[in-house]
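Chemist:
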Amino acid sequence: MFGVIAALPFFGAYPIFVMKVLCYALFACAFNLLIGFTGLLSFGHAAFLGTAAYAAGHALKVWGLPAPLGLAFGAGAAALVGLAFGWLAIRRSGIYFSMITLALSQMLFFFFLQAPFTGGEDGLQSVPRGRFLGLDLANDLTLYYVVLGIFIAAFWLIYRTVHSPFGQVLTSIRENEPRAISLGYDTDRFKLVAFVLSAALAGLAGATKTLVLGFATLTDAVWTTSGAVILMTLVGGMGTMVGPMVGALVIIALENKIGDLGKALAEITGIAWFNGLGESVTLVTGLIFIVCVLAFRRGLVGELAHFIKRKRG
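Mapped onto numbering that gives the first Met the number 0, the consecutive letters of the sequence shown carry residue numbers 0 to 312.
1. Assuming the contact rule is C-beta atoms closer than 8 Å, Leu107 and Ala46 should be a hit. Round their C-beta distance to whole Å, please.
2. Would you kindly work out how many angstroms separate the C-alpha atoms of Ile172 and Leu33, rounded to a whole number?
3. Might you give, ordered along the chain, the residues of its own chain that have their beta carbon closer than 6 Å to the beta carbon of Ser197, omitting 5 neighbours on each side?
4. Touch check for the region 109-124 and the region 63-80: three-plus C-beta pairs under 8 Å?
5. Going by beta carbon distance, what residues of the same chain come within less than 6 Å of Leu248, once the five residues before and after it are set aside?
6. Out of Val211, Leu156, Glu174 and Ser97, point me to the one whose CA is closest to Val146's CA.
7. What residues in its chain sit with their C-beta under 7 Å from that of Glu302, if we drop five residues either side in the sequence?
8. Would you call Tyr158 buried or exposed, if buried means 16 or more other Cβ atoms sit within 10 Å of its Cβ?
9. Any chance you could list the beta strand (DSSP E) runs of at least 3 consecutive residues sitting entirely within the region 42-109, in chain order?
10. What number of angstroms, rounded off, separates the C-alpha of Leu282 from the C-alpha of Arg297?
11. Who pairs with Ala215 in a beta bridge, going by DSSP?
12. For a test of the three-state rule: what should DSSP assign to Arg296, helix, strand or coil?
13. Would you decide whether Lys60 is buried or exposed? Buried here means 16 or more other CB atoms lie within 10 Å of its CB.
14. Is Ile250 buried or exposed, if buried means 16 or more other CB atoms sit within 10 Å of its CB?
15. DSSP state of Arg173, grouped into three classes?
16. Out of Tyr53, Gly122, Gly49 and Ser41, which one is the CA nearest neighbour of Leu101?
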C-alpha cells in the first residue's frame, strides 16, 4: 500500500493533494486509536490539530526552528493540551466525556480567535518549509516523501500500540471496563495515556499540514473539523487499521473534486443542477454518512474484511 502511495506522483497525482490526504489520514488514525480501540468518543479532537498547527507554524516562522524541531514542538504542544483535556474528561464517561471534550475544544477555539500570535481570522500565513535533515522542502516532491515517511512512522507506532499488551488492555476497556477494573487495571491511567498519545499524533498531523500548506487557520480548530474526523473514521471503518485512511481519502476527495464531478455529470446528463454540486459538499457527505449507517455499519474497510472472513469461513 505504501509502495503504491510512493509511486503516485509518477502517475500524475498532484503531490499537495496527496499530502493533504495523508495529513488527514494520520488525524483520522489518531482519532481511531481513541474511539476504535479504547471506546472513547471525543467531540473536540480538532483542538489538538489546531494547537499543533499554530504551534508549529509559530516555531517555524517566528522562531526560525528547523522543520523537525517545529514538527516536534507542535506535536508536543498538542500532547500537553491532550494531557490537560484528558485529565479533566476521563473523570466522566459516555456522552458526558464527549461533551466535556467539545466544551474544552470550543474554549481553545475562542482563545485562538483572540490570541495575537495566531493572526485571528486571517490565520498564520507564509509559514516557511525550511529544511528537513539537509533536504530542501521547497521542492514538492522532496516534501512529499518526507510527509510519507512521517505518516509511515506514525502508522507503525499506532500499529505497534494496538498489537502490544498495552493495546490489549485498551481493547478490554472498550469491551468491558468493569471487568478490566476487576482484573486490577487502573483504567483511568490507561485511558489518559491513550488520550495523550492520540492527541500527540493528531498534533503531528496538524503540524505536518501547516508545513505542507504553509498556513494555519481557525478551520483547523473549529468543531466542524472534529465532526469531519468522526465522519472519516466511520466511513472508512472504526476499529480497523486502514479504514480511517480510506475514509480520509473519500471525504477529502469529495471536498476538493466534487465540483469537477458535478460539471462532468451536468455535461453527461444535461441537468444544470449538477453544476452547483461543488457548493453542496455537506449535502453529499451527509448522504454518504446516511448510506454508511444504513448499509455499511462497519465502514467500507470493515464490511470488506467481514465479507472476506465470511467467505473463508
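Note that the Cβ used here is the ideal one computed from N, Cα and C, for glycine as well.
Modeler: In this structure, then:
1. 5 Å
2. 11 Å
3. Ala29, Leu32 and Leu33
4. no
5. Val20
6. Val211
7. Phe295
8. exposed
9. none
10. 22 Å
11. Leu123
12. coil
13. buried
14. buried
15. helix
16. Ser41
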